[in-house]
Amino acid sequence: MTFASAGHPRTPTQRWFADGLRRVMLAQGLEQTSPDRAPRIVLHFVDREVPRPFRRRAQASFVVSVVEGPAPEGDILPAIYPLLVRTLGNMVIYLVPRNGRALAYVVTLEQGYFTIEESDDRIFFEKVYERLFPLASAQLVINNEFHPDLEPELWGGDELTAALAEAGRRLDALRLLPAAFPIEELLSPRDLAHVKRLFGIGGLSYGNLSARRDATRFWMSASGVNKGNLKVIGRDFLIVKGYDAGRNVILLSVPPMVEPRRVSVDAIEHWMIYTSHPGVGAIIHVHAWMDGVPSTQVQYPCGTRELAQAVSDLVAASLDPTRAVVGLRNHGLTITGPSIQDILERIEGRIIPRVPMS
Ligand SMILES: [Zn+2]
Numbered sequence: 198m199t200f201a202s203a204g205h206p207r208t209p210t211q212r213w214f215a216d217g218l219r220r221v222m223l224a225q226g227l228e229q230t231s232p233d234r235a236p237r238i239v240l241h242f243v244d245r246e247v248p249r250p251f252r253r254r255a256q257a258s259f260v261v262s263v264v265e266g267p268a269p270e271g272d273i274l275p276a277i278y279p280l281l282v283r284t285l286g287n288m289v290i291y292l293v294p295r296n297g298r299a300l301a302y303v304v305t306l307e308q309g310y311f312t313i314e315e316s317d318d319r320i321f322f323e324k325v326y327e328r329l330f331p332l333a334s335a336q337l338v339i340n341n342e343f344h345p346d347l348e349p350e351l352w353g354g355d356e357l358t359a360a361l362a363e364a365g366r367r368l369d370a371l372r373l374l375p376a377a378f379p380i381e382e383l384l385s386p387r388d389l390a391h392v393k394r395l396f397g398i399g400g401l402s403y404g405n406l407s408a409r410r411d412a413t414r415f416w417m418s419a420s421g422v423n424k425g426n427l428k429v430i431g432r433d434f435l436i437v438k439g440y441d442a443g444r445n446v447i448l449l450s451v452p453p454m455v456e457p458r459r460v461s462v463d464a465i466e467h468w469m470i471y472t473s474h475p476g477v478g479a480i481i482h483v484h485a486w487m488d489g490v491p492s493t494q495v496q497y498p499c500g501t502r503e504l505a506q507a508v509s510d511l512v513a514a515s516l517d518p519t520r521a522v523v524g525l526r527n528h529g530l531t532i533t534g535p536s537i538q539d540i541l542e543r544i545e546g547r548i549i550p551r552v553p554m555s
């Protein structure tokens with residue numbers, strides 16, 4: 198696996214961070230290369246006053262934007278997340294200088310965050326590496342292939358899409374589907390197009406819903422759409438009909454006349470769950486929490502095979518996989534049910550809008 202540095206570590210704290218993390222990565226057997234040779238990990242040193250984007254050549258590059266600044270006042274996400282969007286990073290490491298070292302705020306694309314601070318440099322950089330490496334090495338499954346072969350009787354939807362639309366409205370009313378992050382306001386049209394292409398998203402919105410159509414297919418909400426207003430087949434809802442592991446692509450059936458939107462990046466996770474559990478009829482994913490739920494340990498990014506596998510394993514390990522509630526660390530919940538109505542009845546009054554961060 199390869200890594201590279203981009204931008205310039207200007208300050209003593211940035212140089213300390215660049216040297217320390219580089220030492221750990223070399224010790225772990227990673228190879229340093231140049232930023233234009235599609236490295237797997239890019240450490241992008243950014244000026245907080247002028248946060249410029251790093252444009253990857255490859256989807257597989259995991260870009261860590263390293264920024265230095267004063268301790269954020271108030272909430273962490275509004276202070277730091279815009280830097281992630283502006284620099285087109287997968288993760289921001291925000292360094293607050295302290296006693297010749299730094300307190301690091303780590304913020305991910307899924308809006309998870311945590312802090313790392315150690316009085317021993319070796320332990321500090323090993324902790325940074327331990328939290329960064331599994332995310333950077335995870336495999337994205339976000340490519341979509343559209344087949345205009347949806348049967349005409351489904352072009353207008355069915356009772357399942359009607360139930361999903363209703364569920365979307367209820368989740369929206371419960372404020373469990375945070376509004377799309379206004380990336381349009383933070384990015385130039387060119388950078389926005391780049392982000393959408395790169396991450397296979399229609400915009401940064403959180404949460405998704407799906408329902409099984411038959412033994413092999415399910416309906417799922419599209420990426421970046423307002424889940425409070427789901428309507429059009431091929432644009433708001435798509436039929437996932439398979440996953441081609443050899444080509445690493447999600448296969449979708451759409452009506453012939455529609456310019457299709459991409460399916461939610463979590464399609465691979467839902468596909469794994471439906472495939473392993475014939476009794477699961479519906480799945481929702483929200484950025485919210487419930488007390489006492491089992492949770493994944495590693496904070497893999499959305500749309501990766503590793504996150505899908507970790508969630509699917511916890512569903513399989515639960516007492517009743519057809520009625521499972523699984524926590525995704527620093528991220529949210531994935532909930533299965535025999536039907537979407539069953540899920541809504543089980544979560545109402547028990548769900549907490551704020552995800553605990555660790
Ligand atoms: Zn999510």
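In our numbering, the protein residues as written are 198 to 555.
Built from N, CA and C at the ideal position, the CB exists for glycine as well.
DSSP, read as helix, strand or coil, puts E265 in strand.
With contacts defined as CB atoms closer than 8 Å, V462 and G500 qualify as a contacting pair. Annotated as proximal: H528 and E307, with beta-carbon spacing under 8 Å. Put simply, the backbone Cα of L530 is about 7 Å away from that of V522.
Taking non-hydrogen atoms of ligand 1 into account, the C-beta of E307 is found less than 7 Å away from one of them. A distance criterion of 7 Å places the beta-carbon of Y302 beyond contact range of ligand 1, judged by its closest non-hydrogen atom. For the 8 Å CB-CB criterion, V437 and A464 form a contact. Per the DSSP secondary-structure output, Y291 pairs in a beta bridge with V264 and Y302.
In this structure, T284 lies near F251, with their beta-carbon atoms less than 8 Å apart. For ligand 1, a non-hydrogen atom lies closer than 7 Å to the CB of Y403. Proximity of the beta carbon of G529 to ligand 1 is indicated: a heavy atom of the ligand is located closer than 7 Å. Between D369 and K424, the C-beta spacing is below 8 Å. Remark: the shortest separation between the CB of H467 and any heavy atom of ligand 1 does not fall under 7 Å. Per DSSP, the unbroken beta strand (DSSP E) holding M417 starts and ends at F415 to S418. When the Cα atoms are used, A442 and D216 turn out to be separated by approximately 38 Å. The residue among V289, V293 and V477 with its C-alpha nearest the C-alpha of W416 is V477.
Only residues of its own chain outside the window of five on either side were considered, and among them A276 have a CB closer than 8 Å to the CB of E270, listed in chain order. Relative to ligand 1, the beta carbon of H484 is positioned inside 7 Å of a heavy atom. Of the residues S334, A412 and S262, the one whose Cα lies closest to the Cα of V303 is S262.
The C-beta distance from R520 to S492 rounds to 17 Å, too long to meet the 8 Å contact threshold.
Comparing C-alpha distances from R298 to each of Y310, S316 and I290 shows the shortest one belongs to S316. Take T312, set aside five residues on each side of it, and the residues of its chain with a beta-carbon closer than 8 Å to its own are L300, A301, Y302 and V303, in chain order. Fully contained in the segment 412-498 are the following alpha helix (DSSP H) runs of length 4 or more, in chain order: 464-473. The continuous alpha helix (DSSP H) containing G217 extends over residues P209 to A224. The three-state secondary structure of T284, taken from DSSP, is coil. Of the candidates F330, L449 and I290, the residue whose Cα lies closest to the Cα of G266 is I290. Judged by DSSP in its simplified three-state form, E348 adopts coil rather than helix or strand. The beta carbons of S407 and H467 sit about 5 Å from each other, so the pair counts as a contact at 8 Å.
Beta-bridge analysis with DSSP links L406 to I481. Between F242 and G286, the C-beta gap is not smaller than 8 Å, which leaves the two residues out of contact.
Between R234 and M554, the alpha-carbon positions lie close to 35 Å from each other. Annotation: R254 to I238 spans about 12 Å, alpha carbon to alpha carbon.
Within a 10 Å sphere around the beta-carbon of G309 sit 16 or more other beta-carbons, which makes this residue buried. In the three-state scheme derived from DSSP, where H, G and I count as helix and E and B as strand, F311 is classed as strand.
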